[in-house]
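Report on one structure; see the data block that follows.
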Amino acid sequence: MTMRVDLPEETIAGVLAKAFGNRSFLIGLIITLLVVAVALLSFLWTPFDVTRLVIADKTQPPSWVHWFGTDHFGRDILSMIMVGARNSIAVALVAVGIGMGIGVPLGAFAAARGGMADEALMRVNDLVFAFPALLSAIMITAIFGPGAVNAIIAIGIFNIPVFARVARAGALAIWPREFILAARAAGKGMTRISVEHILPNVATLLLVQGTIQFALGILAEAGLSYVGLGAQPPMPSWGRMLFDAQTRMVTAPWMAIFPGMAIVVTVLGLNLLGDGIADILDPKSRRRR
Numbered sequence: 001m002t003m004r005v006d007l008p009e010e011t012i013a014g015v016l017a018k019a020f021g022n023r024s025f026l027i028g029l030i031i032t033l034l035v036v037a038v039a040l041l042s043f044l045w046t047p048f049d050v051t052r053l054v055i056a057d058k059t060q061p062p063s064w065v066h067w068f069g070t071d072h073f074g075r076d077i078l079s080m081i082m083v084g085a086r087n088s089i090a091v092a093l094v095a096v097g098i099g100m101g102i103g104v105p106l107g108a109f110a111a112a113r114g115g116m117a118d119e120a121l122m123r124v125n126d127l128v129f130a131f132p133a134l135l136s137a138i139m140i141t142a143i144f145g146p147g148a149v150n151a152i153i154a155i156g157i158f159n160i161p162v163f164a165r166v167a168r169a170g171a172l173a174i175w176p177r178e179f180i181l182a183a184r185a186a187g188k189g190m191t192r193i194s195v196e197h198i199l200p201n202v203a204t205l206l207l208v209q210g211t212i213q214f215a216l217g218i219l220a221e222a223g224l225s226y227v228g229l230g231a232q233p234p235m236p237s238w239g240r241m242l243f244d245a246q247t248r249m250v251t252a253p254w255m256a257i258f259p260g261m262a263i264v265v266t267v268l269g270l271n272l273l274g275d276g277i278a279d280i281l282d283p284k285s286r287r288r289r
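Read in UniProt numbering, the sequence shown has 197 at position 197, and its numbers run on one by one without any break.
Have a look at this one:
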């Protein structure tokens with residue numbers, strides 16, 4: 001029988017009551033759901049075609065026709081932000097999935113084996129962690145060329161050591177527990193113990209860290225697109241929109257304001273959501289929102 005010792009023994013109703021009573025969680029959830037809804041809506045509808053250039057309408061200020069104005073090619077900025085949202089979410093989501101899917105097993109294995117295996121994995125982990133996502137993207141781009149896929153790979157590689165460290169730290173705190181000793185006495189192997197007992201008890205840490213890395217993935221994707229290593233034209237990207245706006249800050253400031261606000265609001269919402277989840281799932285938390 002799998003035991004969960006770190007999570008509070010509460011009913012679903014009790015957890016929901018804590019969730020809806022936590023302002024950080026509620027605000028973060030609302031913002032995140034709105035961003036996801038906008039991204040999903042962009043698959044079905046946008047106010048204007050983001051691939052259509054209307055030079056006669058270039059750099060128009062916000063109006064009833066173009067709520068967020070137009071860019072230097074006459075494209076509707078609101079439509080571009082909507083399409084850019086799905087690109088940012090997709091890149092960050094897949095990158096976090098790569099980091100979690102590879103990093104968590106590595107961290108759990110290192111904690112279970114210990115000794116030289118643990119030391120070797122952690123040193124390789126430190127080596128990978130020394131290369132930020134931007135530098136990794138530059139190296140990958142030099143080989144395969146720029147694009148969203150390479151941005152995903154770069155950010156995903158950067159996330160692997162993060163999740164490996166979190167999983168290892170959480171697992172090391174669980175292995176000395178009495179119920180783990182009982183499982184070992186019952187003849188369970190390290191792999192089975194890790195899957196049935198260790199990972200369920202570090203799920204809270206991984207969930208919170210995943211939310212944080214998702215927000216950082218949004219920022220990383222925007223940064224890579226800003227320097228031309230992310231999604232390529234004509235696919236809109238929040239980072240590329242900021243790059244296009246940097247020489248027009250005086251004449252068309254809305255070109256930078258609205259994409260910048262989209263990044264800030266999205267990252268803020270994810271951070272608030274992660275903070276709220278940590279409060280809800282942590283039985284020792286006494287903070288008031």
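Glycine included, C-beta positions come from ideal geometry on N, C-alpha and C.
Keep in mind the model is a prediction, meaning the values are calculated, not measured.
Asked, Found
"Assigned secondary structure, D275 (DSSP; H/G/I helix, E/B strand, else coil)", "helix"
"Top-ranked residue by Cα proximity to L229, from I153, P176, V96 and G114", "I153"
"Where T211 sits in the DSSP three-state scheme", "helix"
"Simplified DSSP assignment, three categories, for D126", "helix"
"T32 - DSSP class collapsed to helix/strand/coil", "helix"
"Closest Cα partner of V94 within the set A120, N150 and A110", "N150"
"Beta-bridge pairing of T70 - partner residues as DSSP gives them", "D76"
"Contact set for A164: own chain, Cβ-Cβ below 6 Å, skip 5 residues either direction", "G103, L106, G107 and N125"
"Stretch-stretch touch, CB-based, cutoff 8 Å, three pairs: the segment 228-243 with the segment 155-175", "no"
"N22, DSSP secondary structure in three states", "coil"
"Euclidean distance between Cα positions of F68 and D118", "52 Å"
"C-beta atoms of I193 and A183 nearer than 7 Å", "yes"
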